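For the sequence shown, full-length UniProt numbering assigns the number 1 to the initial residue and increments by one for each residue that follows. By construction, the Cβ of each residue, glycine as well, lies at the ideal position given by its N, Cα and C atoms. Everything numeric in this text was worked out from a predicted model, so none of it was measured. Report on the structure given below.
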Amino acid sequence: MIRGTLMTDFKDREPALLRLSKGAMREWYGLILGWLLVMAVGGCLLWNVARARGLLPRGDSMMLWVGIVIVCLSVLGAVLWYCRRSLLQALFLPRLPPDWIRASLCIQTALPSLAHASHSVLACHDASWERFCGGLLIAEDLNPATAQCAPWETLDAQACINRLEQLRESWQQASQRRIQQQQRRYWLEMVLVLIDHGVSRPLHDGSLPDVLMLRTECLLLGVDQGPLVLNDVPGVFARRLWLALQVLPEVQRKQAHMQWSLLHLLHDLGREVKALDALAQLVLVLAWNPEMDLDQVEVAYAQAAEYRKRICDWLVRAAQVIVSEDSQVRLDKYLLLLCPLLSSLGGDDIGYVEALRPLHTGFTRLYESRLRTLVTLADEVEQQLGLRLLSAPSSAVQSVAQDSPLLDQ
């Protein structure tokens with residue numbers, strides 16, 4: 001899950017460690033100086049009036065000034081003591097996390113009860129998947145359209161396997177780095193959403209964050225495609241799957257091509273549903289973290305309204321996809337049937353986001369099942385052809401495939 005302005009550290013915030021921002025410090029010093037000025041001017045006026053009327057004995061002016069100072073400080077102390085709960089707490093801001101990592105962990109662990117199944121998908125489900133994928137395939141990366149595109153269009157099946165073996169180590173390192181970048185970008189997007197809605201927190205020194213720097217970093221992370229190996233590995237897998245499907249008997253080949261075409265459509269829809277899933281998680285983190293405030297909830301409702309609009313547009317496009325040719329079930333109907341809480345909702349946008357969580361999980365499982373069917377067929381074909389298979393994945397490579405969700409945060 002994937003975030004300058006930093007989120008409040010929900011676990012470590014302590015009143016004893018509260019700090020003032022620069023703006024609050026100026027207001028506080030102005031208040032103190034104002035009280036001292038009022039007391040000093042008032043004391044001087046009283047002293048002049050008393051002296052003009054001959055009420056003061058000569059030689060005692062120093063003692064009088066000392067008395068005035070004591071009275072002023074006493075009044076000021078009494079006022080501060082009286083206002084300490086309302087005034088001081090309004091000026092102080094909660095202590096912020098000391099670094100980006102703790103802030104990221106804070107947000108990622110804010111919703112332990114809302115973890116959903118889409119974040120543990122497409123590991124080595126069975127023997128055929130393990131033999132074919134070798135711990136190198138992340139489903140969301142596989143684009144069926146690349147199977148007949150350069151530079152993979154000239155590869156045969158064994159060349160694909162050999163190429164994957166060569167890329168294993170570099171792919172592992174690049175994938176781990178990409179996961180870290182995705183988590184960083186997810187956090188940056190959350191922070192920028194809060195800033196855009198006027199919710200800001202100062203840094204440790206009281207200064208405001210460099211919003212331009214945060215936006216630049218978020219933009220660079222968004223356009224960074226990473227090393228070429230991240231595109232090369234899924235491209236080789238797509239080519240390998242397509243070659244295996246061409247060897248199937250005619251009846252099986254027709255059915256497999258239907259699944260392949262459906263995979264095309266699901267992959268195109270999956271790009272947008274991945275972004276919608278990230279937006280939904282952002283809404284739920286803001287709305288249900290342990291120490292949410294009204295500002296965060298207001299931002300959550302604004303983002304929930306945006307989610308509702310975008311998911312409705314997405315469902316219109318999903319209605320054009322037929323999941324099963326036999327029963328003519330549309331994709332939108334299939335996914336909405338997985339959301340039983342949707343029919344009992346009123347007009348609450350955040351509740352709408354929560355009710356649609358099974359939609360994202362259902363899309364993931366559907367994509368998984370279609371891809372697993374093709375992988376099983378391709379594995380059988382390669383065994384019949386006597387090809388040298390991929391070596392068994394190491395624990396590190398396998399963990400990368402497990403930790404990389406189809407619909408990531």
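Residue i burial status per 10 Å Cβ neighbour count (16 or more: buried)
| i | result |
| --- | --- |
| L230 | buried |
| S261 | exposed |
| H264 | exposed |
| V49 | exposed |
| A52 | exposed |
| P337 | For the sequence presented, residue 337 should be read as Leu rather than Pro. Classification of L337: exposed, given that the 10 Å Cβ count is below 16. |
| C149 | exposed |
| P405 | For P405, the pLDDT reaches just 42, beneath the cut-off of 50, and the residue's location in the model is therefore unreliable, although a value from the coordinates is still provided. Buried, since its Cβ has 16 or more Cβ neighbours within 10 Å. |
| C44 | exposed |
| M258 | exposed |
| R194 | The sequence shown places Leu at residue 194, rather than the Arg named in the question. Its Cβ being crowded by 16 or more others within 10 Å, L194 is buried. |
| L371 | buried |
| K333 | exposed |
| L212 | exposed |
| T146 | buried |
| V223 | exposed |
| L276 | buried |
| E382 | buried |
| G34 | exposed |
| T154 | exposed |
| A238 | buried |
| P340 | exposed |
| R271 | exposed |
Residue i: first and last residue of the uninterrupted alpha helix (DSSP H) it sits in
| i | result |
| --- | --- |
| S311 | The sequence shown places Ile at residue 311, rather than the Ser named in the question. Counting along the chain, the alpha helix (DSSP H) containing I311 begins and ends at L294 to A318. |
| H197 | Premise fails: H197 is in no alpha helix (DSSP H) and is neither H nor E. |
| L208 | Run containing L208: none; DSSP gives neither H nor E here. |
| L371 | R357 to L385 |
N- and C-terminal bounds of the beta strand (DSSP E) containing residue i
| i | result |
| --- | --- |
| A285 | The identity of residue 285 in the sequence shown is Val, whereas the question assumes Ala. No beta strand (DSSP E) contains V285, which is instead part of the alpha helix (DSSP H) from E250 to W288. |
DSSP three-state assignment for residue i, whether helix, strand or coil
| i | result |
| --- | --- |
| I322 | strand |
| Q225 | coil |
| G135 | coil |
| E165 | helix |
| P234 | helix |
| Q189 | Going by the sequence as given, residue 189 is Glu instead of Gln. Helix at E189. |
| W100 | The pLDDT assigned to W100 is 39, lower than 50, so where the model puts this residue is not dependable; a value taken from the coordinates is nonetheless given after this. Of the three classes helix, strand and coil, the one that applies to W100 here is helix, per DSSP. |
| S391 | coil |
| residue 427 | The question about residue 427 has no answer, for the chain in this structure spans 1 to 409. |
| E153 | coil |
| S118 | Confidence at S118 is low in this model, with a pLDDT of 37, below 50, so its placement is unreliable and the value that follows should be read with caution. S118: helix per DSSP, three-state reduction. |
| L337 | coil |
| D348 | coil |
Bridge partner(s) assigned by DSSP for residue i
| i | result |
| --- | --- |
| V329 | S324 |
Touch test, the stretch 303-311 against the stretch 352-372, Cβ-Cβ under 8 Å, three pairs minimum: yes
Below 8 Å, can you find three or more Cβ-Cβ pairs linking the stretch 315-327 to the stretch 378-395? no
Is it a yes or a no for the stretch 162-180 touching the stretch 278-297, going by three-plus beta-carbon pairs under 8 Å? no
How about the stretch 247-254 and the stretch 180-199: do they share at least three Cβ pairs that are nearer than 8 Å? no
Taking contact to mean at least 3 C-beta pairs separated by less than 8 Å, is the stretch 212-219 in contact with the stretch 242-251? no
Using 8 Å as the cut-off, can you tell me whether the stretch 285-300 makes contact with the stretch 359-375, which would need three or more C-beta pairs spanning the two stretches below that distance? no
The stretch 142-158 in contact with the stretch 230-241 per 3-pair CB rule at 8 Å: yes
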